[in-house]
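Asker:
Numbering (this note's numbering), first residue to last: 7 to 319.
1. Count the other CB atoms, across all protein chains shown, that sit within 10 Å of the CB of residue 289; report buried if there are 16 or more and exposed otherwise.
2. Following the continuous beta strand (DSSP E) through residue 246, name the residue where it begins and the one where it ends.
3. Helix, strand or coil: which one does DSSP assign to residue 118?
4. Between the beta-carbon of residue 196 and the beta-carbon of residue 155, is there less than 9 angstroms?
5. Excluding the 5 residues preceding and the 5 following residue 143 in the sequence, name in chain order all residues of the same chain whose CB lies nearer than 8 angstroms to its CB.
6. How is the beta strand (DSSP E) around residue 156 delimited, first residue to last?
7. State the CB to CB distance for the pair residue 237 and residue 267, rounded to an integer number of angstroms; the pair is presumed to be in contact (CB under 8 angstroms).
8. What residue does the beta strand (DSSP E) around residue 50 start on, and which one ends it?
9. So, with DSSP's three-state summary, where would you put residue 113?
10. What did DSSP end up calling residue 335 once you bin it into helix, strand or coil?
11. Please state if the CB of residue 124 and the CB of residue 138 are separated by a distance shorter than 9 angstroms.
12. Closest by CA to residue 312, which one among 296, 45, 122, 53?
13. According to DSSP, is residue 269 part of a helix, a strand, or is it coil?
14. Can you check DSSP and say which residues form a bridge with residue 304?
15. Less than 9 angstroms between the beta carbons of residue 201 and residue 239, yes or no?
The following block contains the structure:
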């Protein structure tokens, strides 16, 4: 790409950012507090979805000394068209010290509620399920009172090889991987459907709507006492009716908690925003969600999956 083309794209992106509604301009937080969290994370060569996904709330969360840890490296084996996380090349080998590094960072930050997520690792035999458990175990060894929420991929992929029983159906393999995580008893099991049924193809390449609903359904079948959670990013062209239908589908599989937030285009290589939903519209959808029976709802333009995750108010 020529310098002229790069300058043109940069100007176009800046224009889009400047045209965003004022309610999408997050608080930056105090630089000193942000630096403290970043230092702890970077010294241990860890990754957070806050940085890799360019979360608009990272300043606020860092100022509160919280972060969502991104396990198994920063490179995803999927290619969702909305996500900023790196993709398109080979993922990093697992760092055998990562679980302990995360546990140490959690201890230093004084976290009482920890959120663990990961890139999709379809190259691994169990999709990374056992890595979640190893990290949870390491955290609990240092702080037995820490509550741990997990935000997993759908565990549908998985490289053929050691640990893979080829006589077992893909659905059964998925269930076994979910069970590995469920058996570790997380405080909450989160898996996002991201968008409405009609838009799954263009938005979530490699994922399926029913497959994601199955993740939440299986968790409840395995352990009904574990709260489940999911979320949607609005702005891809969905209608209010479709959003309400998606919320209804989540309730049908026993999903307890819900997040609704505004999609913000990370770059010109990602899907353009089709609509900026207003704070009032988010409030209305949040009210509908509560009426539908969700026990905990976060609905607002800047809401993300783990936003105020440990706050049950």
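No residue lacks a Cβ here, since even glycine has one placed at the ideal position from N, Cα and C. Small disclaimer: the values here were computed from a predicted structure and weren't measured.
Answerer: To lay it out plainly:
1. Here residue 289 is taken as the residue at index 283 of the chain shown, counted from 1. Classification of residue 289: exposed, given that the 10 Å Cβ count is below 16.
2. Taking the chain shown and counting its residues from 1, one reaches residue 246 at position 240. Residue 246 -> not in any beta strand (DSSP E); alpha helix (DSSP H) instead, spanning 246-258.
3. Within the chain shown, the letter at position 112 stands for residue 118. If DSSP states are grouped into helix, strand and coil, residue 118 belongs with coil.
4. Residue numbering aside, residue 196 sits at position 190 when the chain shown is read from its first letter. Residue numbering aside, residue 155 sits at position 149 when the chain shown is read from its first letter. A contact, by the Cβ cut-off of 9 angstroms.
5. As a first step, residue 143 must be located in the chain shown, where it is residue number 137. Counting only Cβ-Cβ distances below 8 angstroms, and skipping sequence neighbours, we find 105, 190.
6. One-based indexing of the chain shown puts residue 156 at position 150. From DSSP, the beta strand (DSSP E) with residue 156 extends over 153-157.
7. Here residue 237 refers to the residue found at position 231 of the chain shown. Here residue 267 refers to the residue found at position 261 of the chain shown. Indeed they touch by this definition, with Cβ atoms about 7 angstroms apart.
8. Within the chain shown, residue 50 is the residue found at index 44, counting from 1. Unbroken run through residue 50: none, as it is neither H nor E.
9. For the purposes of this step, residue 113 is taken as residue 107 along the chain shown, with counting starting at 1. In this structure, residue 113 counts as helix in the three-state DSSP scheme.
10. Nothing about residue 335 can be reported from this structure: the residues present for the chain run from 7 to 319 only.
11. Within the chain shown, residue 138 is the residue found at index 132, counting from 1. Within the chain shown, residue 124 is the residue found at index 118, counting from 1. Yes, they are a contact pair.
12. What you label residue 312 is simply residue 306 of the chain shown in a count that begins at 1. Here the closest residue by C-alpha is 122.
13. The residue given as residue 269 occupies position 263 in the chain shown. Residue state, collapsed to three classes: coil.
14. Counting from one through the chain shown, the residue named residue 304 turns up at place 298. Partner(s): 265.
15. As a first step, residue 201 must be located in the chain shown, where it is residue number 195. As a first step, residue 239 must be located in the chain shown, where it is residue number 233. The answer is yes: Cβ separation under 9 angstroms.
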